Amino acid sequence: MALEITRRNLAQWAGSLAVSQLVPPIARAAAGSAAGGALTPGDALRYVNPALRPSAEMVARMSAEHGTPNDSTLAELRRPHPEFMPKRLPDVAVEERLIPVPGGAPAVKVFVINARAGSKRPAIVHMHGGGYIAGTAAFEVGKHQAVAKELDCVIVTVDYRLAPETRFTGSVEDNYAALKWVHDNAAALGVDPNRIAIMGESAGGGHAARLAITARDRGEVPVLLQVLIYPMLDDRTGSTVIPPFPLGSIGWDAPSNRYGWSSFLGMRPGGANVPAAGVPARVKDLGGLAPAFIGVGGIDLFVSEDVAYARRLIEAKVPCELLVIPGAYHGFDVVAADTAPARQFTKAKFDALRRAFGNSDV
């Protein structure tokens, strides 16, 4: 069956990962390399999984129309495209709530999906992607409805504050407030307070890792599982550590990563003074964290930092499942959802959740 890549697929990929304004190295390489020896788009594309090449070409062409994000392009990057949002399901309840955040911060908006008082089902607290600088919880509510229905769970997705207007401490408190609210209101939501997982993609995966650390340190809410999908974990990637080609050659790239991290931290990334509280990969002690599932593509900018984080979790005696899809770029499972690599990736993620929830023998 021929792969059909639609404008809607690409828009959903860009909307969920907030990368539509970015120029990957593949586009810059096409114009020549000052380091000597011009590269062409084919040099990057030949490393892409064959099933993903048509979508990678589309992503590269779309990305090449725009520049690396900066303060002057943020408004356009954040511009909503409701016409491309996944359609909401009429038979899965959605409620918008405002959750108090301690310390005088504004209340954080969450979308509560598939809650049903009187039951005792598992829950997922979800954080969206967007490089820490963009994205909204509202964009993917329709997708979360389908997941909640398939897994018979409640999903609460958090509209945390974005950088650079809010530095990392603000979004940490937003996400933790949402997690604690779900736990404290478990009966009203129809949630089992001992079966709460956390999940995120890209920057949302970084937030989920950070939330697992915060929950461990505060000791108030047990986290069943952390599901980290190509998580953004290390500010040094693209700053003091430059991944070799072709990592980051399709989609989110090193210059974009530097901007995202500098906005989030409020300082130059990669330096010795970067606070570990903002960067999961800099946290020295990973012992006692919730079990983890980490999934990433083999040519994703984040693959090295994600594999390293998985190794550190394992060495800290934290149960961790790691899945690396060869030749897969950042966000491939969104734009090329109907391909075999994306289906394998999504199935593994859902199987990990089912095992943790105790409702499957997979």
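Numbering (the numbering used here), first residue to last: 530 to 891.
Positions of the beta carbon are idealized from the N, C-alpha and C atoms, including for glycine.
Every value quoted in this text rests on a predicted model; they were computed, and no experiment measured them.
*CA-CA distance, residue 864 and residue 584?*
Residue numbering aside, residue 864 sits at position 335 when the sequence shown is read from its first letter. Residue numbering aside, residue 584 sits at position 55 when the sequence shown is read from its first letter. Taking the straight line from one Cα to the other gives about 7 Å.
- Task: Grab the span of the beta strand (DSSP E) containing residue 871 for me, first residue to last.
- Result: As a working mapping, residue 871 is identified with position 342 in the sequence shown. Premise fails: residue 871 lies in the alpha helix (DSSP H), 869-886, not in any beta strand (DSSP E).
Whose C-alpha, out of 643, 684, 735, 729, is nearest the C-alpha of residue 811?
Position 282 of the sequence shown, counting from 1, holds the residue named residue 811. Comparing Cα positions, the closest option is 735.
Contact set for residue 887: own chain, Cβ-Cβ below 6 Å, skip 5 residues either direction = As a working note, residue 887 is residue 358 in the sequence shown. Closer than 6 Å at Cβ, skipping near neighbours: no residue.
Is the beta carbon of residue 725 closer than 8 Å to that of residue 654? Residue mapping note: residue 654 aligns to position 125 of the sequence shown, counting from 1. Residue mapping note: residue 725 aligns to position 196 of the sequence shown, counting from 1. At a Cβ-Cβ threshold of 8 Å, residue 654 and residue 725 count as neighbours.
*asked:* Looking at residue 688: is its Cβ nearer than 8 Å to the Cβ of residue 666?
replied: Residue 688 sits at position 159 when you count from the first residue of the sequence shown. Residue 666 sits at position 137 when you count from the first residue of the sequence shown. A contact, by the Cβ cut-off of 8 Å.
Quiz prompt | Alpha-carbon spacing of residue 832 relative to residue 851, whole angstroms | solution = Indexing the sequence shown from 1 puts residue 832 at position 303. Indexing the sequence shown from 1 puts residue 851 at position 322. Their Cα atoms are separated by approximately 11 Å.
Exercise. Excluding the five sequence neighbours on either side, which residues of its own chain have a C-beta within less than 6 Å of the C-beta of residue 839, listed in chain order?
Worked result: Within the sequence shown, residue 839 is the residue found at index 310, counting from 1. The answer, listed in chain order, is 823, 849, 851.
Q | Beta-carbon contacts of residue 749 that lie in its chain and below 8 Å, excluding the five residues immediately before and after | A | For this step, residue 749 is matched to residue 220 along the sequence shown. The beta carbon of residue 749 lies closer than 8 Å to those of 709, 712 in the same chain, with the five residues before and after it left out.
Exercise for review: Closer than 6 Å by C-beta to residue 565: which residues in its own chain qualify, once you throw out the five before and the five after it? Chain order, please.
Suggested key: Sequence index remark: in the sequence shown, residue 565 carries index 36 (1-based). Note that residue 565 scores 40 on pLDDT, short of 50, meaning its location in the model is unreliable; the coordinates nonetheless yield the value given after this. Contacts found: none.
Within 10 Å of its beta-carbon, does residue 804 have 16 or more other beta-carbons around it, so buried, or fewer, so exposed? The residue labelled residue 804 in the question sits at position 275 within the sequence shown. Residue 804 comes out exposed.
- request: Pick out whichever of 636, 759, 776, 660 has its Cα sitting closest to the Cα of residue 572.
  value: For the purposes of this step, residue 572 is taken as the residue at position 43 of the sequence shown. Minimum Cα distance to residue 572 is reached at 776.
For chain C, is any of its Cβ atoms less than 8 Å away from the one on residue 765? Looking at the structure shown, chain C is missing, and only one protein chain is on hand.
Could you pull the DSSP bridge partners for residue 829 from this structure?
For the purposes of this step, residue 829 is taken as residue 300 along the sequence shown, with counting starting at 1. DSSP output for residue 829 lists no bridge partner at all.
Q) Which class does residue 680 belong to by DSSP, given the choice of helix, strand or coil? A) Your numbering for residue 680 matches position 151 in the sequence shown. Residue 680 falls in the helix class under three-state DSSP.
| said: Whole angstroms are fine: how far does the CA of residue 772 sit from the CA of residue 862? | reply: Reading the sequence shown from its first residue, position 333 is the one you call residue 862. Reading the sequence shown from its first residue, position 243 is the one you call residue 772. Taking the straight line joining both Cα atoms gives about 22 Å.
Original post:
Looking at the structure shown, is residue 657 part of a helix, part of a strand, or coil, going by DSSP?
Top reply: By 1-based counting over the sequence shown, the position of residue 657 is 128. Three-state DSSP puts residue 657 in coil, outside helix and strand.
Under 8 Å between the Cβ atoms of residue 857 and residue 826?
Taking the first residue of the sequence shown as position 1, residue 857 is located at position 328. Taking the first residue of the sequence shown as position 1, residue 826 is located at position 297. Against a cut-off of 8 Å, the Cβ pair of residue 826 and residue 857 comes out as a contact.
Rounded to the nearest angstrom, how far is the Cβ of residue 909 from that of residue 815, given a contact under 8 Å? No statement about residue 909 is possible, as the shown extent of the chain runs from 530 to 891 and does not include it.
According to the neighbour-count rule (16 or more other Cβ atoms, all chains shown, within 10 Å of its Cβ), is residue 835 buried or exposed? On the sequence shown, position 306 is the one that residue 835 refers to. With 16 or more other Cβ atoms within 10 Å, it is buried.
- Under a three-way DSSP split, which group does residue 662 fall into? Start at 1 with the first residue of the sequence shown, and residue 662 comes out as number 133. Reduced to three states, the DSSP call for residue 662 is coil.
query = Can you tell which of 692, 779, 719 has the C-alpha that lies nearest to the C-alpha of residue 588?
reply = Translated into positions along the sequence shown, residue 588 becomes position 59. The residue with the shortest Cα to Cα distance from residue 588 is 779.
Cβ shell of residue 649 (< 6 Å), same chain only, five flanking positions each side left out: For this step, residue 649 is matched to residue 120 along the sequence shown. These residues qualify, in order along the chain: 721.
- Which of the three DSSP states, helix, strand or coil, is assigned to residue 802? Reading the sequence shown from its first residue, position 273 is the one you call residue 802. Residue 802: coil per DSSP, three-state reduction.
task: Check whether the Cβ of residue 771 lies closer than 7 Å to any heavy atom of the ligand ADP, and answer yes or no.
output: In the structure shown, the ligand ADP is absent, as is every other ligand, since no ligand is present at all.
- Message: Only counting the same chain, and skipping five residues up and downstream in sequence, which positions put a Cβ closer than 6 Å to that of residue 818?
- Response: If you number the sequence shown from 1, residue 818 lands on position 289. Excluding positions up to five away in sequence, the list reads 741, 745, 847.
Residue ranges of each beta strand (DSSP E) within the stretch 733-804, 3 or longer | 755-758
Measuring CA to CA, which of 716, 732, 723 is closest to residue 697? As a first step, residue 697 is located in the sequence shown; it is residue number 168 there, counting from the start. Closest by alpha carbon: 732.
What are the partner residues of residue 823, as DSSP defines its beta bridges?
-> Counting from 1 along the sequence shown, the entry for residue 823 is found at position 294. Under DSSP, residue 823 shares a beta bridge with 757, 851.
If you check the beta carbons only, do residue 702 and residue 652 fall under 8 Å apart?
As a working mapping, residue 702 is identified with position 173 in the sequence shown. As a working mapping, residue 652 is identified with position 123 in the sequence shown. No, the pair does not count as a contact, with Cβ atoms beyond the cut-off.
- Item | Integer Cβ distance of residue 767 from residue 784, believed to fall under 8 Å | Mapped onto the sequence shown, residue 767 falls at position 238. Mapped onto the sequence shown, residue 784 falls at position 255. At roughly 7 Å, the Cβ-Cβ gap stays under 8 Å, so residue 767 and residue 784 are in contact.
Exercise. Which partner residues of residue 650 appear in the DSSP bridge assignment?
Worked result: Looking up residue 650 in the sequence shown gives position 121. Looking at the DSSP assignment, residue 650 forms a beta bridge with 720.
Fill in: Spatial distance of residue 752 from residue 723 (CA atoms)
To locate residue 752, count along the sequence shown from 1; it is residue 223. To locate residue 723, count along the sequence shown from 1; it is residue 194. Cα-Cα distance, rounded: 8 Å.
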